[in-house]
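Engineer: Before I ask anything, here is the structure I am working with.
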Amino acid sequence: MLKLYGFSVSNYYNMVKLALLEKGLPFEEVPFYAGQTPDALAVSPRGKVPVLGVKQGFINETSVILEYIEQTQEGPSLLPAEPFQRAQVLALCREIELYIELPARACFGEAFFGMPVPEAIKEKSRAELLLGVGSLGRHGKFAPYVAGESFTLADLYFMYSLNLACGVGEKLFGLDLLAEYPAAKALLERLHAMPNARKVAADREAAMPAFMAMIAAKK
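Anchor point for the sequence shown: position 19 equals 19 in UniProt numbering, and the numbering is continuous, going up by one each time.
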């Protein structure tokens, strides 16, 4: 059986978890927090989550895990077979991660955990978030899904990156990042209403108190 290492508050963990659920694959969740201890580094070379445990060993990096699942496991495909369309989906994944998720992540500490972030970093993140959302607005189809007619890996990145980026935009900058993109906003709501997405969200909420206590202990 596949083993998913990580914790339910991680958005990257939840991308992989929802992919496994949507494909109907059996898997075991193994609690695992990022760190630099020998035990953590034995599972993840950089001590990060998520990690997928398979018969041969461990696979790290979310994008690699998702492509591995697509290539080796049964269930509904989350990547188009046609090369050009496949490339479009993978490009959208990278664009969301690099130009939206990562700029937003630089401000997670202040937006969600009460840890002040330097103004210069916030200004840079704000500018990059606006550029990133603009890029998504031009490249995404939202007809009805991010890349077109089918639910794909791009929707996973969209779901679990845009919700956090929108939180950063609202809490720190008073911005509605999707105000000019009503189709994107409607899709985000629809995706999070999916049955498996609701299960992922419930698990996240259940894990949040312990995670926040751990964060508070490190302040």
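From the three backbone atoms N, C-alpha and C, an ideal C-beta is built for every residue, glycine too.
Only counting the same chain, and skipping five residues up and downstream in sequence, which positions put a Cβ closer than 8 Å to that of Thr62?
Structural biologist: The residues are Tyr12, Met15, Val16 and Pro50.
Engineer: Hey, how far is the Cα of Arg204 from the Cα of Ser8?
Structural biologist: Answer to the nearest angstrom: the Cα atoms are 5 Å apart.
Engineer: How many Å lie between Leu177 and Gly57 at the Cα?
Structural biologist: Approximately 40 Å between the Cα atoms of the pair.
Engineer: Along the chain, where does the beta strand (DSSP E) that runs through Leu52 open and close?
Structural biologist: Val51 to Val54 is the span of the beta strand (DSSP E), which, as asked, contains Leu52.
Engineer: Entirely within the UniProt domain "GST N-terminal" (1-77) and at least 4 residues each: give me those alpha helix (DSSP H) ranges in chain order.
Structural biologist: Whole alpha helix (DSSP H) segments, 4+ residues: 11-22, 38-43 and 62-72.
Engineer: Rounded C-beta distance between Tyr5 and Gly75? I'm assuming under 8 Å.
Structural biologist: That pair is no contact at about 20 Å.
Engineer: Taking just the CA atoms, how far does Glu128 sit from Ala213?
Structural biologist: Rounded to whole angstroms, Ala213 to Glu128 spans 31 Å at the Cα level.
Engineer: Determine the direct distance from the alpha carbon of Val200 to that of residue 220, and round the result to whole angstroms.
Structural biologist: Residue 220 falls outside the range modelled here, since the chain spans only 1 to 219, and no answer is possible.
Engineer: Can the beta-carbon of Leu153 be found closer than 8 Å to that of Leu66?
Structural biologist: Going by C-beta atoms, Leu153 is nearer than 8 Å to Leu66.
Engineer: Looking only at C-alpha atoms, which of Pro31, Leu2 and Ala42 sits nearest to Lys23?
Structural biologist: Out of Pro31, Leu2 and Ala42, Leu2 has the C-alpha closest to the C-alpha of Lys23.
Engineer: Just to confirm the assignment, what range does the alpha helix (DSSP H) spanning Tyr157 have?
Structural biologist: Segment Leu153 to Phe173, the alpha helix (DSSP H) holding Tyr157.
Engineer: Please name the residue in Gln36, Arg94, Ala106 and Pro182 whose C-alpha comes closest to that of Val64.
Structural biologist: Of the listed residues, the one whose Cα sits closest to Val64 is Arg94.
Engineer: Taking all protein chains shown into account, decide if Ala216 is buried (16 or more other Cβ within 10 angstroms of its Cβ) or exposed.
Structural biologist: Exposed, by the Cβ-count rule.
Engineer: Do you know offhand how far Tyr145's Cα is from Ile100's?
Structural biologist: Approximately 18 Å between the Cα atoms of the pair.
Engineer: Between Phe142 and Ala183, which are expected to be in contact by the criterion C-beta below 8 Å, what is the C-beta distance as a whole number of angstroms?
Structural biologist: Right, the Cβ-Cβ distance comes to about 4 Å (below 8 Å), so this counts as a contact.
Engineer: Please state whether DSSP places Tyr145 in a helix, a strand or coil.
Structural biologist: If DSSP states are grouped into helix, strand and coil, Tyr145 belongs with the strands.
Engineer: In the DSSP assignment, find the alpha helix (DSSP H) that holds Val133 and state where it starts and stops.
Structural biologist: Looking at the DSSP string, the run of the alpha helix (DSSP H) that includes Val133 is Glu119 to His139.
Engineer: Roughly how many angstroms separate the alpha carbons of Arg138 and Leu131, rounded to a whole number?
Structural biologist: The alpha-carbon atoms of Arg138 and Leu131 are separated by roughly 11 Å.
Engineer: So, helix, strand or coil for Pro80, using DSSP?
Structural biologist: Three-state DSSP puts Pro80 in coil, outside helix and strand.
Engineer: Please report the Cβ distance between Leu191 and Asp155, rounded to the nearest whole angstrom; I am assuming they are in contact, meaning their Cβ atoms lie under 8 Å.
Structural biologist: Correct: roughly 6 Å between the Cβ atoms.
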